[in-house]
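Below: one structure, written as C-alpha coordinates.
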Amino acid sequence: MKVYLVRHAESTGNLPEEKRPSDHVEINPCLSDTGLKQADLLGKRFAGTKFDAIITSPLTRTMQTTAAIT
(Lines of atoms letter the chains of each structure in order from A and count residues from 1; the text may use other names and numbers.)
(Lines give C-alpha, C1' and ligand atoms only; values in the text may rest on other atoms or scores of the structure.)
Protein backbone atom coordinates (compact mmCIF):
# COMPACT_ATOMS: atom_id res chain seq x y z
CA MET A 1 0.00 0.00 0.00
CA LYS A 2 1.24 3.48 -0.85
CA VAL A 3 0.19 6.52 1.14
CA TYR A 4 0.77 10.02 -0.23
CA LEU A 5 0.63 13.00 2.11
CA VAL A 6 0.26 16.30 0.30
CA ARG A 7 -0.01 19.71 1.88
CA HIS A 8 -2.10 22.32 0.10
CA ALA A 9 -0.31 24.63 -2.30
CA GLU A 10 0.45 28.26 -1.40
CA SER A 11 -2.65 30.21 -0.45
CA THR A 12 -3.24 33.94 -0.40
CA GLY A 13 -2.97 33.62 3.38
CA ASN A 14 0.73 32.75 2.92
CA LEU A 15 1.40 36.03 1.12
CA PRO A 16 2.63 39.17 2.89
CA GLU A 17 -0.36 41.36 3.74
CA GLU A 18 0.56 44.01 1.15
CA LYS A 19 0.52 41.37 -1.63
CA ARG A 20 -2.83 39.79 -0.73
CA PRO A 21 -5.63 40.36 -3.24
CA SER A 22 -8.48 42.67 -2.30
CA ASP A 23 -10.90 39.72 -2.17
CA HIS A 24 -8.68 37.75 0.27
CA VAL A 25 -10.65 35.87 2.92
CA GLU A 26 -8.57 35.31 6.06
CA ILE A 27 -10.43 32.30 7.42
CA ASN A 28 -10.66 30.33 4.15
CA PRO A 29 -8.19 31.69 1.59
CA CYS A 30 -7.92 30.39 -1.94
CA LEU A 31 -4.70 29.49 -3.73
CA SER A 32 -2.40 32.28 -4.83
CA ASP A 33 -1.15 32.48 -8.42
CA THR A 34 1.97 30.61 -7.30
CA GLY A 35 -0.22 28.07 -5.50
CA LEU A 36 -2.23 27.42 -8.67
CA LYS A 37 1.04 26.71 -10.50
CA GLN A 38 2.19 24.44 -7.66
CA ALA A 39 -1.12 22.55 -7.77
CA ASP A 40 -0.79 22.15 -11.54
CA LEU A 41 2.70 20.67 -11.05
CA LEU A 42 1.29 18.26 -8.45
CA GLY A 43 -1.36 17.23 -10.95
CA LYS A 44 1.34 16.47 -13.51
CA ARG A 45 3.36 14.57 -10.90
CA PHE A 46 0.39 12.34 -10.02
CA ALA A 47 -0.94 11.98 -13.58
CA GLY A 48 -2.01 8.40 -14.14
CA THR A 49 -1.92 7.55 -10.43
CA LYS A 50 -4.94 5.56 -9.27
CA PHE A 51 -6.17 6.48 -5.79
CA ASP A 52 -8.37 4.23 -3.66
CA ALA A 53 -9.27 7.18 -1.45
CA ILE A 54 -8.55 10.88 -1.14
CA ILE A 55 -9.12 12.51 2.21
CA THR A 56 -9.11 16.29 2.41
CA SER A 57 -10.64 19.08 4.43
CA PRO A 58 -13.43 21.20 2.92
CA LEU A 59 -11.30 24.36 2.92
CA THR A 60 -10.97 26.14 -0.41
CA ARG A 61 -7.17 25.87 -0.65
CA THR A 62 -7.23 22.11 -0.02
CA MET A 63 -10.10 21.51 -2.43
CA GLN A 64 -8.31 23.51 -5.14
CA THR A 65 -5.12 21.51 -4.60
CA THR A 66 -7.02 18.21 -4.61
CA ALA A 67 -8.88 19.14 -7.79
CA ALA A 68 -5.57 19.56 -9.60
CA ILE A 69 -4.44 16.07 -8.53
CA THR A 70 -7.61 14.15 -9.40
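All residue numbers for the sequence shown refer to the working numbering, where the first residue is 7 and numbers rise by one. Don't be surprised by glycine CBs; every beta carbon is placed ideally from N, CA and C.
{"Asked": "Go ahead and pull the three-state DSSP assignment for LEU48.", "Found": "helix"}
{"Asked": "What separation, rounded to the nearest whole angstrom, lies between the Cα atoms of ALA15 and PRO22?", "Found": "16 Å"}
{"Asked": "How is LEU37 classed by DSSP in three states: helix, strand or coil?", "Found": "strand"}
{"Asked": "What does SER17 pair with, by DSSP beta-bridge criteria?", "Found": "LEU37"}
{"Asked": "What span of residues does the alpha helix (DSSP H) with MET69 cover, start to end?", "Found": "66 to 75"}
{"Asked": "If you pair each beta-carbon of the stretch 34 to 46 with each one of the stretch 64 to 72, do three or more pairs fall below 8 Å?", "Found": "yes"}
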